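Going by UniProt numbering, 419 is the number at position 419 of the sequence shown; the sequence numbering is gapless.
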Amino acid sequence: MGKNRVKFEFLLLFAVFTIATCGLVYELVAGTLASYLLGDSVKQFSFIIGVYLFSMGVGSYFSKFITKNLLNTFVEIEILVGLIGGLSSVVLFLLFETDFAFQFILYSLVFVTGCLVGLEIPLLMNILKDKVEFKDLVSNVFTFDYIGALLASILFPLLLVPKLGIMGTSLFFGMINVSIAIALCYFLKLELKKVIVLRAKAIVSFLILFTAFIFSENILSFSEGKLYGENIIYTHSTPYQRIVLTHNKNDYRLYLNNNLQFSSLDEYRYHEALVHPAMSMATKVSNILVLGGGDGLAVREILKYKQVQKITVVDLDEGMTKLFKTNQVLVNFNKNSLNNSKVTVYNKDAYIWTKACKEKFDVVIIDFPDPSNYSLGKLYSLNFYKTVQNLLHTDAVVVIQTTSPYFAPKSFWCINKTVMNVLPQIDAYHAYVPSFGEWGFTIAINGFGTHFNKVNRKADGLRFYNYQFEKYNYFNKDMIAKDIEINRLDNQILVRYFDEEWGKL
């Protein structure tokens, strides 16, 4: 009898562990998809976590009204959590283009999943209250619950998304949930009522999830084809982002987390404007640092100068740099620049790497993604630019992609003003890139031995930049913003500006 009680308790506690693990995975999936598809990962994750915790409270409240067939209800919750949570990513991918309805469905799925997860602990405690001493019951239930949540939070970015992708991850954990329900139906068949019906529900749910898992790549290709409206020729999920490469006629486009990074038709405008002003005015260009720029396109432009002896690239995402080293289409775009003997690539967090670096550089090209969240916002902060200054030779030049002065003037001038508080000479300029519109850059010199209109050297074969810097740094009234704050680590005002301005679009 004692052995049966222990087995009964362990099975239910293990079920709680899987519900907690899978429930958190489903919310991480929802948050990741929301940030991929809607942008602004900070806000999306904040809202989703808030709704999820609130809905767990709602589920816990309503559990007191469940007084009959507690064990059957517990197993049915396990099935529902697996089925709804597992299929959530499929539904969200397929319905993304429904505008407002997408957000309604997103938060509805989060709410329903949270309610179901919120039901499980009170139900389990009611089931076991006469079989386990209260203090042991509370301790064991919450221990299993929190360990499950910890496991999910560790595995999700490090293993699950890189190996299974977002959709595959949610479907896989849905199958785990339902598999536990099937196991409970077999091991606790004497305690359950209408066990055959319950078992049939669990098996049918598992088959639905398994079928969706088998065809997940087809579903994803179909949904992304609708989303991008272009022929998708490559997709890959890294721990940091979803990479999609599309092809339409003579145009290749790269998307990271649904955000366009470049079009092959006009990326030369962006990269020439980013690189050549700094390279032409710097007093020396033998040692160059590129922060971000894992696509190698900025490096391609830098290599046009014969005086360059060494280029260091620091990009967080190894999946990104590996892709642009090996994919033949992309290698053709960057002219195999990342495999050049002069180039060394470090897949590190630039914020940490720059603090540890003891080397000095002649030119620093900063090509980070836009500051759409706080983890990126710190790379545009006063503290970071002070760290970068420590890496500069006297009269070294720094250039920073600074988002659009037309669509986001507050963000643009916030970055400019932040850099102004660190380096002695600073200016700003912009260039028209058809895929993006007007795009802006901040440029600064660590000394007074050169100036912004000085041309110390030129590269051959440019298609856009003409070395007349003064033609690029005039700003019309609709590109000016006033009363802008400096972006500091403790205020991250830039992320708020960015969200406010780009959110309107």
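Ideal placement from N, C-alpha and C gives every residue a C-beta, glycine not left out. Note that the structure is a prediction, hence the values are computed from the model and not measured.
Exercise for the section: Going by DSSP, name the residue or residues bridged to Ser263. Expected result: For the purposes of this step, residue 263 is identified with residue 263 of the sequence shown, where counting begins at 1. In the DSSP output, where bridge partners are listed per residue, Ser263 has Arg253.
Problem - Sub-8 Å separation of Ile365 and Lys342 beta-carbons - result: Taking the sequence shown and counting its residues from 1, the one referred to as residue 365 is at position 365. Taking the sequence shown and counting its residues from 1, the one referred to as residue 342 is at position 342. Going by C-beta atoms, Ile365 is not nearer than 8 Å to Lys342.
Problem - Among Ala444, Val29, Pro122 and Asn334, nearest to Val16 - alpha-carbon criterion - result: Mapped onto the sequence shown, residue 16 falls at position 16. Residue nearest to Val16 within the set Ala444, Val29, Pro122 and Asn334 is Pro122 (criterion: CA-CA distance).
Exercise for the section: Compute the distance between the beta-carbons of Leu505 and Phe407, then report whether it is under 8 Å. Expected result: Within the sequence shown, numbered from 1, the residue matching residue 505 stands at position 505. Within the sequence shown, numbered from 1, the residue matching residue 407 stands at position 407. Cβ atoms of Leu505 and Phe407: closer than 8 Å.
Handout entry: One or two residues paired with Phe384 in a DSSP bridge
Key = Looking up residue 384 in the sequence shown gives position 384. Phe384 is not bridged to any residue.
Practice task
Taking 8 Å as the threshold, find out whether the segment 347-360 comes into contact with the segment 329-336 through three or more Cβ pairs.
Solution key: no
Problem - Buried versus exposed, by CB contacts within 10 Å (16 or more), Glu120 - result: Within the sequence shown, numbered from 1, the residue matching residue 120 stands at position 120. Counting Cβ neighbours within 10 Å, Glu120 comes out buried, since at least 16 surround it.
Problem - Identified DSSP bridge partners for Asn466 - result: Start at 1 with the first residue of the sequence shown, and residue 466 comes out as number 466. Per DSSP, none; premise fails for Asn466.
Problem - Gln328: first and last residue of the uninterrupted alpha helix (DSSP H) it sits in - result: Numbered from its first residue, the sequence shown carries residue 328 at position 328. Element bounds for Gln328: Gln328 to Asn334.
Problem - Residue burial classification, Leu494 (beta-carbon count within 10 angstroms, cutoff 16) - result: Here residue 494 corresponds to residue number 494 of the sequence shown, with the count starting at 1. By the 10 Å Cβ count, Leu494 comes out buried.
Problem - Trp502 - DSSP class collapsed to helix/strand/coil - result: Mapped onto the sequence shown, residue 502 falls at position 502. Of the three classes helix, strand and coil, the one that applies to Trp502 here is helix, per DSSP.
Handout entry: 6 Å Cβ shell around Tyr497 - same chain, five flanking residues per side excluded
Key = Indexing the sequence shown from 1 puts residue 497 at position 497. Result list for Tyr497: Lys410, Ser411 and Cys414, in chain order.
Handout entry: Assigned exposure category for Tyr252 - 16 Cβ within 10 Å defines buried
Key = Stepping through the sequence shown from its first residue, residue 252 is reached at position 252. Tyr252 should be labelled buried.
Handout entry: Every unbroken beta strand (DSSP E) inside the segment 380-459 [3 residues or more]
Key = Here the runs fully enclosed are 392-401, 425-433 and 437-445.
Practice task
Label Gly2 either buried or exposed according to how many other C-beta atoms from any shown protein chain fall within 10 Å of its C-beta, with 16 as the threshold for buried.
Solution key: Taking the sequence shown and counting its residues from 1, the one referred to as residue 2 is at position 2. Interpretation of Gly2 is limited by its pLDDT of 49, a score under 50 that renders its predicted location unreliable; no figure is taken from the coordinates.
Handout entry: When Asn339, Ser280 and Val197 are compared against Asp395, the one with the closest alpha-carbon
Key = Here residue 395 is taken as the residue at index 395 of the sequence shown, counted from 1. Answer by Cα proximity: Ser280.
Exercise for the section: Output the residue ranges of the alpha helix (DSSP H) runs that lie fully inside the segment 66-119 and measure 4 residues or longer, sorted by chain position. Expected result: 70-94
Handout entry: Distance between beta carbons of Asn231 and Thr246, contact taken as under 8 Å
Key = Locating residue 246 in the sequence shown gives position 246, where the first residue counts as 1. Locating residue 231 in the sequence shown gives position 231, where the first residue counts as 1. Between Asn231 and Thr246 the Cβ distance is about 6 Å, and since that is below 8 Å, they are a contact.
Handout entry: Pair within 8 Å by beta-carbon distance, Ile79 and Thr113
Key = The residue labelled residue 79 in the question sits at position 79 within the sequence shown. The residue labelled residue 113 in the question sits at position 113 within the sequence shown. No, the Cβ-Cβ distance between Ile79 and Thr113 is not below 8 Å.
Problem - Assigned exposure category for Ile176 - 16 Cβ within 10 Å defines buried - result: The residue given as residue 176 occupies position 176 in the sequence shown. Per the 10 Å Cβ criterion, buried.
Exercise for the section: Would you kindly work out how many angstroms separate the C-alpha atoms of Tyr234 and Glu224, rounded to a whole number? Expected result: Taking the first residue of the sequence shown as 1, we reach residue 234 at position 234. Taking the first residue of the sequence shown as 1, we reach residue 224 at position 224. In this structure, the CA atom of Tyr234 is about 11 Å from the CA atom of Glu224.
Practice task
Starting from Arg300, trace the alpha helix (DSSP H) both ways and give me its first and last residue.
Solution key: Residue numbering aside, residue 300 sits at position 300 when the sequence shown is read from its first letter. Unbroken alpha helix (DSSP H) run through Arg300: Leu297 to Ile302.
Practice task
For Ile147, verify whether its CB is less than 7 Å away from any heavy atom of the ligand MG.
Solution key: By its list of ligands, the structure shown contains no ligand whatsoever, and the ligand MG lies outside what it can speak to.
Practice task
Using a threshold of 8 Å, state whether the C-beta atoms of Pro162 and Ser237 are closer than that.
Solution key: The residue given as residue 162 occupies position 162 in the sequence shown. The residue given as residue 237 occupies position 237 in the sequence shown. For Pro162 and Ser237, yes; Cβs fall inside 8 Å.
Problem - Minimum C-alpha distance to residue 506 - residue among Ile426, Val25, Asn373 and Ser63 - result: Since the displayed the chain opens at 1 and closes at 505, residue 506 lies outside it and no answer follows.
Problem - Opposing strand residues paired with His236 [DSSP bridges] - result: Numbered from its first residue, the sequence shown carries residue 236 at position 236. According to DSSP, His236 bridges with Ile243.
Handout entry: Residue burial classification, Gly461 (beta-carbon count within 10 angstroms, cutoff 16)
Key = Numbered from its first residue, the sequence shown carries residue 461 at position 461. Looking at its Cβ environment, which holds fewer than 16 other Cβ atoms inside 10 Å, Gly461 is exposed.
Exercise for the section: Following the continuous beta strand (DSSP E) through Phe361, name the residue where it begins and the one where it ends. Expected result: Position 361 of the sequence shown, counted from the first residue, corresponds to residue 361. Residues Phe361 to Asp367.
Problem - Straight-line Cα distance separating Leu13 from Ile180 - result: In the sequence shown, the residue the question calls residue 180 occupies position 180. In the sequence shown, the residue the question calls residue 13 occupies position 13. Those two C-alpha atoms are separated by around 11 Å.
Handout entry: Within 8 Å, strictly: CB atoms of Val178 and Leu209
Key = Taking the sequence shown and counting its residues from 1, the one referred to as residue 178 is at position 178. Taking the sequence shown and counting its residues from 1, the one referred to as residue 209 is at position 209. Yes, Cβ-Cβ distance for Val178 and Leu209 is below 8 Å.
Handout entry: Residue burial classification, Phe104 (beta-carbon count within 10 angstroms, cutoff 16)
Key = Position 104 of the sequence shown, counted from the start, is the residue given in the question as residue 104. Exposed: under 16 other Cβ atoms inside 10 Å.
Practice task
Please report how far the alpha carbon of Ser381 lies from the alpha carbon of Asn446, in whole angstroms.
Solution key: Residue 381 sits at position 381 when you count from the first residue of the sequence shown. Residue 446 sits at position 446 when you count from the first residue of the sequence shown. Cα-Cα distance, rounded: 18 Å.
Exercise for the section: Name the one or two DSSP bridge partners that Asn373 has. Expected result: Translated into the one-based positions of the sequence shown, residue 373 becomes position 373. Answer by DSSP bridge pairing: none, since Asn373 is not bridged.
Handout entry: C-alpha distance - Gly82 paired with Leu190, whole-angstrom precision
Key = Your numbering for residue 82 matches position 82 in the sequence shown. Your numbering for residue 190 matches position 190 in the sequence shown. When only Cα atoms are considered, Gly82 and Leu190 end up about 24 Å apart.
Problem - Proximity to Asn72 [Cα-Cα], best of Asn126, Gln468, Thr32 and Glu27 - result: To locate residue 72, count along the sequence shown from 1; it is residue 72. The shortest C-alpha separation from Asn72 is found at Asn126.
Problem - Coil, strand or helix - Lys378 by DSSP - result: Numbered from 1 along the sequence shown, position 378 holds the residue referred to as residue 378. Here Lys378 sits in helix by DSSP.
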